[in-house]
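These notes concern the structure reproduced below.
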Amino acid sequence: MAKKGEIQYARLLKYLLIAFLFFEPLLTLSVTPEINFDFFSQEDGLPNNHIQCIYQDKKGWMWFGTNQGLSRFDGYKFDNFLIDPDDSTSLNGNLVRAIFEDSKGQLWIGTEYGGLNLFNREKECFDHPYINHPEFKFREISINTIEEDISGKLWLGTDDNILVIDTLGNLKPIIPKLKNTLNGYLGNYVRNLKFDKNGLLWIGTNNGLFIYNQDENELETFPLPFTENQNKEIWEIFLDNDGSIWIGTYSKGIFIIDSETKKINSLNLEPYHERTETVRTISRGIFGEYWIGTR
Numbered sequence: 002m003a004k005k006g007e008i009q010y011a012r013l014l015k016y017l018l019i020a021f022l023f024f025e026p027l028l029t030l031s032v033t034p035e036i037n038f039d040f041f042s043q044e045d046g047l048p049n050n051h052i053q054c055i056y057q058d059k060k061g062w063m064w065f066g067t068n069q070g071l072s073r074f075d076g077y078k079f080d081n082f083l084i085d086p087d088d089s090t091s092l093n094g095n096l097v098r099a100i101f102e103d104s105k106g107q108l109w110i111g112t113e114y115g116g117l118n119l120f121n122r123e124k125e126c127f128d129h130p131y132i133n134h135p136e137f138k139f140r141e142i143s144i145n146t147i148e149e150d151i152s153g154k155l156w157l158g159t160d161d162n163i164l165v166i167d168t169l170g171n172l173k174p175i176i177p178k179l180k181n182t183l184n185g186y187l188g189n190y191v192r193n194l195k196f197d198k199n200g201l202l203w204i205g206t207n208n209g210l211f212i213y214n215q216d217e218n219e220l221e222t223f224p225l226p227f228t229e230n231q232n233k234e235i236w237e238i239f240l241d242n243d244g245s246i247w248i249g250t251y252s253k254g255i256f257i258i259d260s261e262t263k264k265i266n267s268l269n270l271e272p273y274h275e276r277t278e279t280v281r282t283i284s285r286g287i288f289g290e291y292w293i294g295t296r
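Shown next, in the form of structure tokens:
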């Protein structure tokens, strides 16, 4: 049996691919070697069958955020972390929306109406460093996405704003200058945050795509070719190895943006599957293939 914190490569590959199957149906855009799959559910130890997010930390653990708690998988068994009203060190909020390991090896968990949880690896419990923040009521805040910039600041996407934790641990909102937008992302559900190779922050919301320039503190809308009455929700932002930015949408499939020229190309998925308008997740496999989860 593998030592604690280690997962054999062959098993890990299998479980990574299995994880994406929770986002059904799944498309792959190139021919890949035949792979045998195992499927896991509550019967195998997961706390819930609805998977919100998936993450592999630097130790090799696979983490699954579900509608009923957080689960850690070592390749053999699931260890679950759930909310316990009588335990102040338990998970705050059962619906896990975001899992992120920062450059210091700290594992952050974002939950719905439970704010931010910091996993204590030694004690196998959670700290809640901002639960009593005087300005932000973290017991009522949902953390939907977590990202880190090159300087070590953490960026949190919430239901109506973006918050930043600086390198000293101070928490504050971003108040940008608006370039070509009236309200920007304010009041919008911030679903995705991704920094590109130029340090620009791409922001996916329920009302379109935005770009934030941290150096200039400037926010602008990045217009995508939606029709006037079309749903503009951005469900996924994926950075490819060549620097291109893949945007998964609710109603228009995938847009691929050149990070240098900002030219937009649409990826037509209809030849592969009829239900391809809503793209929930995009990933690239070790063979160079793209895995696309649709609704």
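Take any residue in the sequence shown, note its place counting from 1, add 1, and you have its number in our numbering. Even glycine gets a Cβ: it sits at the ideal position worked out from N, Cα and C. On a predicted model such as this, the values are computed, not experimentally measured, just so you know.
Sequence-distant residues of its chain with Cβ nearer than 6 Å to Asn266 (five each side left out): Counting from one through the sequence shown, the residue named residue 266 turns up at place 265. The residues Ile257, in chain order, have a CB closer than 6 Å to that of Asn266 in the same chain once the five nearest residues on each side in sequence are set aside.
Pairs of beta-carbons, one from the stretch 195-213 and one from the stretch 165-174, closer than 8 Å: are there three or more? Too few Cβ pairs lie closer than 8 Å, so no.
Residue from Gly158, Lys263 and Phe41 with nearest C-alpha to Lys78: Taking the first residue of the sequence shown as position 1, residue 78 is located at position 77. Among Gly158, Lys263 and Phe41, the Cα nearest to that of Lys78 belongs to Phe41.
Inter-residue spacing [alpha-carbon to alpha-carbon] between Leu96 and Glu113: The sequence position of residue 96 within the sequence shown is 95, counting from 1. The sequence position of residue 113 within the sequence shown is 112, counting from 1. The straight-line gap separating the alpha-carbon atoms of Leu96 and Glu113 is approximately 6 Å.
Given a threshold of 16 other Cβ atoms within 10 Å of its Cβ, counted over all protein chains shown, does Gln43 qualify as buried or as exposed? Along the sequence shown, read from residue 1 onward, the residue named residue 43 stands at position 42. Exposed, since its Cβ has fewer than 16 Cβ neighbours within 10 Å.
Which of the three DSSP states is assigned to Glu44 in this structure? As a first step, residue 44 is located in the sequence shown; it is residue number 43 there, counting from the start. Reduced to three states, the DSSP call for Glu44 is helix.
Which residue's Cα is closest to the Cα of Pro224: Asn218, Ile212 and Asp216? Translated into positions along the sequence shown, residue 224 becomes position 223. Distances from the alpha-carbon of Pro224 to those of Asn218, Ile212 and Asp216 put Ile212 closest.
Where Ala3 and Gly76 are concerned, what is the direct C-alpha to C-alpha distance, given to the nearest angstrom? Here residue 3 corresponds to residue number 2 of the sequence shown, with the count starting at 1. Here residue 76 corresponds to residue number 75 of the sequence shown, with the count starting at 1. Caution applies to Ala3, whose pLDDT of 42 falls short of 50 and renders its modelled position unreliable; the value that the coordinates give is listed next. One C-alpha to the other measures close to 9 Å.
In whole angstroms, what is the alpha-carbon distance linking Glu136 and Lys60? Here residue 136 refers to the residue found at position 135 of the sequence shown. Here residue 60 refers to the residue found at position 59 of the sequence shown. If you take the alpha carbons of Glu136 and Lys60, they lie about 35 Å apart.
Between the alpha carbons of Phe127 and Gly188, how many angstroms are there, rounded? In the sequence shown, residue 127 corresponds to position 126, counting from 1. In the sequence shown, residue 188 corresponds to position 187, counting from 1. If you take the alpha carbons of Phe127 and Gly188, they lie about 29 Å apart.
Round the Cβ separation of Asn81 and Gly66 to the nearest angstrom and send it over; I've been treating them as touching at under 8 Å. The residue you call residue 81 lines up with position 80 of the sequence shown. The residue you call residue 66 lines up with position 65 of the sequence shown. With a Cβ gap of about 11 Å, Asn81 and Gly66 do not count as contacting.
Hey, out of Thr182, Ala99 and Gly170, whose CA is closest to Leu194's CA? Walking along the sequence shown from the start, residue 194 turns up at place 193. Comparing Cα positions, the closest option is Ala99.
Let me know the beta strand (DSSP E) ranges lying completely inside the stretch 213-237, each 3 residues or longer, listed in chain order. As far as the stretch 213-237 is concerned, its whole beta strand (DSSP E) runs of at least 3 residues are 219-223.
Sort out for me which residues DSSP pairs Ser267 with in a bridge. Your numbering for residue 267 matches position 266 in the sequence shown. Phe256.
Endpoints, beta strand (DSSP E) assigned at Asp128: The residue you call residue 128 lines up with position 127 of the sequence shown. Its beta strand (DSSP E) spans residues Cys126 to Asp128.
To the nearest angstrom, how far is the alpha carbon of Trp108 from that of Asn121? Here residue 108 is taken as the residue at index 107 of the sequence shown, counted from 1. Here residue 121 is taken as the residue at index 120 of the sequence shown, counted from 1. At residue 108 the sequence reads Leu, which differs from the Trp that was named. Spanning the alpha carbons of Leu108 and Asn121 requires a straight line of approximately 8 Å.
Can you give, in chain order, each stretch of the beta strand (DSSP E) that sits fully within the stretch 41-92 and has at least 3 residues? Counting whole runs of 3 or more residues, the stretch 41-92 contains the beta strand (DSSP E) stretches 52-57, 63-67, 70-74 and 79-82.
Sorted by chain position, which residues of the same chain lie with C-beta nearer than 7 Å to His51's C-beta, five sequence neighbours on each side aside? As a working mapping, residue 51 is identified with position 50 in the sequence shown. Scanning its chain for C-beta atoms nearer than 7 Å, with the 5 sequence neighbours on each side dropped, one finds around His51 the residues Thr67 and Asn68, in chain order.
Considering only DSSP beta bridges, list what Lys173 is partnered with. Indexing the sequence shown from 1 puts residue 173 at position 172. Paired residue(s): Val165.
Let me know the secondary structure DSSP gives Arg122 once reduced to three states. Here residue 122 corresponds to residue number 121 of the sequence shown, with the count starting at 1. Of the three classes helix, strand and coil, the one that applies to Arg122 here is coil, per DSSP.
According to DSSP, which residues form a beta bridge with Phe137? For the purposes of this step, residue 137 is taken as residue 136 along the sequence shown, with counting starting at 1. None, per the DSSP bridge assignment.
Please go through the same chain and pick out, in chain order, the residues whose beta-carbon is closer than 8 Å to the beta-carbon of Asp161, but skip the five residues on each side of it. Looking up residue 161 in the sequence shown gives position 160. Spatial neighbours of Asp161 in its own chain (CB-CB distance under 8 Å, excluding positions within 5 residues in sequence) are listed in chain order as Leu187, Gly188, Asn189, Tyr190 and Val191.
Could you give the distance in angstroms between the alpha-carbon of Asn133 and the alpha-carbon of Ser91? The residue you call residue 133 lines up with position 132 of the sequence shown. The residue you call residue 91 lines up with position 90 of the sequence shown. The alpha-carbon of Asn133 is positioned some 16 Å away from that of Ser91.
When we look at the beta-carbon of Pro86 and count the other beta-carbons within 10 Å, is it buried (16 or more) or exposed? Working through the sequence shown from its first residue, we reach residue 86 at position 85. It counts as exposed.
Tell me the DSSP bridge mates of Ser284? The residue you call residue 284 lines up with position 283 of the sequence shown. DSSP, once it has assigned bridges, lists Trp292 as partnering Ser284.
Cβ distance (whole Å) where Lys198 is taken to contact Gly244 below 8 Å: As a position in the sequence shown, residue 198 is number 197, starting the count at 1. As a position in the sequence shown, residue 244 is number 243, starting the count at 1. Indeed, because the Cβ distance is near 5 Å, the residues count as touching under 8 Å.
Which class does Ile151 belong to by DSSP, given the choice of helix, strand or coil? Position 150 of the sequence shown holds residue 151. Coil, per DSSP.
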